[in-house]
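Be aware that the sequence shown starts at 1288, since it is given in my numbering, and climbs by one per residue. Using N, Cα and C, we set each Cβ at its ideal position, and we do this for glycine too. A quick write-up on the structure given underneath.
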Amino acid sequence: MPAVSAMRRKNAITKSQEMAECRRGAARGAVCGLRRTDPGMSDSLPRIAVLGSFMQACCWRVDRLPRPGETLRAGDFSAEPAGKGLSVAVGCHRLGAAVDLVMAIGNDAPAGTLLEWLRREGLHARHIHRCAMPSGHGAGFIDAAGENQIVVHGGANAALSPREVARAAPDIAAAALLYAQLEIPLAAVQAGLALARSRGVPTVLNPSPWQTLPEEMLDCADVLVVNESEAQALLEDALSGEKEARPRRIVSALPALWRRWRGNWLVATLGAQGSMACHRDGTIHVAPAFPADPLKTLGAGDAFSAGLCWGLARGEDMAAALRAGNACGALSISRPGILAALPGRQELEALLRPAA
């Protein structure tokens, strides 16, 4: 009987490894520009690893943004967990992905509140490192049109090191996709991207807040996701002129990018114009934005990234992943809050479903 039990365990492990490899293969096919070949993959549970960041977000709603030296009365105030990596992790989880979140937080009240919130949400915390530094905080002003100004202090996010990333190596290696952003030290980002690359796991990097990217980091990123200001910095192009002309300006600046970056896709979010994705083989997808009545723009980019990663991790082609990202962004800006505004899978599928 022990031998039979051992064989069953071995078969279960082998089956799990086969499914993980299947999901990685589907995601890599999507990232490399190929269509999904397994029609059943869309019904499986994708696993996504996220190099995360936590900011306790304090948001004030005002009629207009303050001028230098000016004091305004706010019409509303909220404080809630946020952060680029955290928002993407929660967004992917809400859509049905199994998420491994690698992150550093403080040993303070906001961190304790976050851990309890994650427990209720159903996200595990085995790769969340606690340290003596204060947790990250952010302050945001949101005006009546939904535009915002934000200031952040990284705090404990600076404590995420390559060592903590290495501890998560088994889960990163088992993921269909790794997502990273730059609210954490570049050394940790590089360690995670390099680890994923060495295990054949596709990588998605959102270089935000913008920093000049080291060449070795660029070389480990399969997909770059940028907004318009980040696209200007990355492409070294002002993207001046009418907003409608910016997609063409981005395309015209791509040859120089492909010469210094070996990745596959540049994805750009374009606000009310939607988003676009450009492959190094010349393939271009443009996805229009979904209609929305925005309460805010804060968090739209992270909601987009969650939808995009969810689609790619399932093996959807880039065009479908863009639509999922746009839909998540539209849903998130139409409701209050940051994490609370992230949609679930049923909401997303309802918006993506063609009208009868």
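Neighbourhood of Thr1556 by C-beta distance below 7 Å, restricted to the same chain and skipping five residues each side | Indexing the sequence shown from 1 puts residue 1556 at position 269. Only Asn1514, Ser1562, Gly1588 and Phe1591 meet the Cβ criterion.
Just checking, does the segment 1347-1355 make contact with the segment 1396-1409 on the three C-beta pairs under 8 Å criterion?
-> no
Evaluate the contact criterion for the segment 1370-1378 versus the segment 1334-1344: three or more CB pairs, one atom per stretch, below 8 Å.
-> With the rule of 3 Cβ pairs closer than 8 Å, the segment 1370-1378 counts as touching the segment 1334-1344.
Looking at the unbroken alpha helix (DSSP H) that takes in Glu1367, where does it start and where does it end?
-> Here residue 1367 refers to the residue found at position 80 when the sequence shown is read from its first residue. From DSSP, Glu1367 is part of no alpha helix (DSSP H) but of the beta strand (DSSP E) over Asp1363 to Ala1369.
Take the Cβ of Arg1322 as the centre, count every other Cβ of all protein chains shown within 10 Å, and call the residue buried at 16 or more, exposed below.
-> Here residue 1322 refers to the residue found at position 35 when the sequence shown is read from its first residue. Its pLDDT being 42, under 50, Arg1322 is placed unreliably by the model, and nothing is read from it.
Looking only at its own chain, which residues have a Cβ that is under 6 Å from the Cβ of Glu1451, when we skip the five neighbours before and after it?
-> On the sequence shown, position 164 is the one that residue 1451 refers to. Taken in chain order, the residues that qualify are His1416.
So is Pro1641 buried or exposed if we call it buried at 16+ other beta carbons inside 10 Å?
-> For the purposes of this step, residue 1641 is taken as the residue at position 354 of the sequence shown. Counting Cβ neighbours within 10 Å, Pro1641 comes out exposed, since fewer than 16 surround it.
Give the secondary structure of Asn1435 by DSSP, where H, G and I count as helix, E and B as strand, and everything else as coil.
-> Looking up residue 1435 in the sequence shown gives position 148. If DSSP states are grouped into helix, strand and coil, Asn1435 belongs with the strands.
7 Å CB neighbourhood of Asp1580 in its chain, flanking five on each side removed = Within the sequence shown, the letter at position 293 stands for residue 1580. Short of 7 Å from the beta carbon of Asp1580, and not among the five residues preceding or following it, lie these beta carbons of its own chain, in chain order: Ser1621.
Give a yes or no on whether the C-beta atoms belonging to Gly1479 and Leu1595 are separated by under 7 Å.
-> Residue numbering aside, residue 1479 sits at position 192 when the sequence shown is read from its first letter. Residue numbering aside, residue 1595 sits at position 308 when the sequence shown is read from its first letter. No, the Cβ-Cβ distance between Gly1479 and Leu1595 is not below 7 Å.
Please report how far the alpha carbon of Trp1229 lies from the alpha carbon of Ala1475, in whole angstroms.
-> Nothing in the structure corresponds to residue 1229, since the chain is present only between 1288 and 1643.
Nearest-angstrom Cα separation, counted from Leu1599 out to Ile1625 | Reading the sequence shown from its first residue, position 338 is the one you call residue 1625. Reading the sequence shown from its first residue, position 312 is the one you call residue 1599. Whole-angstrom Cα-Cα distance: 23 Å.
8 Å contact criterion, which Gly1586 and Ser1374 should meet: CB distance rounded | Within the sequence shown, residue 1586 is the residue found at index 299, counting from 1. Within the sequence shown, residue 1374 is the residue found at index 87, counting from 1. 6 Å between Cβ atoms; contact.
Assign Thr1358 to one of three DSSP states: helix, strand, or coil.
-> Here the question's residue 1358 lines up with position 71 in the sequence shown. The three-state secondary structure of Thr1358, taken from DSSP, is coil.
Name the two residues that bound the continuous beta strand (DSSP E) containing Phe1428.
-> Here residue 1428 refers to the residue found at position 141 when the sequence shown is read from its first residue. Residues Gly1423 to Ile1429.
For Ser1495, name the three-state secondary structure that DSSP assigns.
-> Reading the sequence shown from its first residue, position 208 is the one you call residue 1495. Here Ser1495 sits in coil by DSSP.
DSSP on His1380, reduced to helix/strand/coil?
-> Sequence index remark: in the sequence shown, residue 1380 carries index 93 (1-based). Of the three classes helix, strand and coil, the one that applies to His1380 here is helix, per DSSP.
Can you give, in chain order, each stretch of the beta strand (DSSP E) that sits fully within the segment 1547-1581 and has at least 3 residues?
-> Entirely contained in the segment 1547-1581, the beta strand (DSSP E) runs reaching 3 residues are, in chain order, 1552-1556, 1562-1566 and 1571-1574.
So, is Glu1636 buried or exposed, given that buried needs 16 or more other C-beta atoms within 10 angstroms?
-> On the sequence shown, residue 1636 is found 349 positions in, with the first residue counted as 1. It is exposed - the Cβ of Glu1636 has fewer than 16 other Cβ atoms within 10 Å.
Distance, Ala1366 Cα to Leu1511 Cα | Position 224 of the sequence shown, counted from the start, is the residue given in the question as residue 1511. Position 79 of the sequence shown, counted from the start, is the residue given in the question as residue 1366. Looking at the two C-alpha atoms, the distance is approximately 30 Å.
With DSSP as the reference, label Thr1490 as helix, strand or coil.
-> Walking along the sequence shown from the start, residue 1490 turns up at place 203. Strand, per DSSP.
For Leu1465, the nearest candidate out of Lys1583, Leu1388, Ala1543 and Arg1567 (CA to CA) = Here the question's residue 1465 lines up with position 178 in the sequence shown. Of the listed residues, the one whose Cα sits closest to Leu1465 is Leu1388.
Using the beta-carbon count (16 or more within 10 Å), is Asp1509 buried or exposed?
-> Position 222 of the sequence shown, counting from 1, holds the residue named residue 1509. Buried, because 16 or more other Cβ atoms sit within 10 Å of the Cβ of Asp1509.
Leu1482 CB to nearest heavy atom of the ligand SAM below 6 Å = Because no ligand of any kind appears in the structure shown, any question about the ligand SAM cannot be addressed here.
C-alpha gap between Thr1324 and Asp1604, whole angstroms = Position 37 of the sequence shown, counting from 1, holds the residue named residue 1324. Position 317 of the sequence shown, counting from 1, holds the residue named residue 1604. Because Thr1324 sits at a pLDDT of 36, beneath the cut-off of 50, its placement in the model cannot be relied upon, and the point is left open.
Residue span of the alpha helix (DSSP H) that contains Val1349, given as start and end = By 1-based counting over the sequence shown, the position of residue 1349 is 62. That residue, Val1349, is in no alpha helix (DSSP H); it is neither H nor E in DSSP.
Is the CB-CB distance between Ala1606 and His1572 below 7 Å?
-> On the sequence shown, residue 1606 is found 319 positions in, with the first residue counted as 1. On the sequence shown, residue 1572 is found 285 positions in, with the first residue counted as 1. Result yes, Cβ atoms of Ala1606 and His1572 sit closer than 7 Å.
Nonlocal neighbours in the same chain, by C-beta distance under 6 Å from Ala1431, ignoring five residues either side | Mapped onto the sequence shown, residue 1431 falls at position 144. Same-chain partners within the cutoff: Asp1350.
Within the segment 1584-1627, ranges of the alpha helix (DSSP H) (whole runs, at least 4 residues) | 1587-1600 and 1605-1620
Does DSSP put Arg1417 in a helix, a strand or coil?
-> Position 130 of the sequence shown holds residue 1417. Of the three classes helix, strand and coil, the one that applies to Arg1417 here is strand, per DSSP.
Helix, strand or coil: how does DSSP classify Arg1632 here?
-> Locating residue 1632 in the sequence shown gives position 345, where the first residue counts as 1. It is helical.
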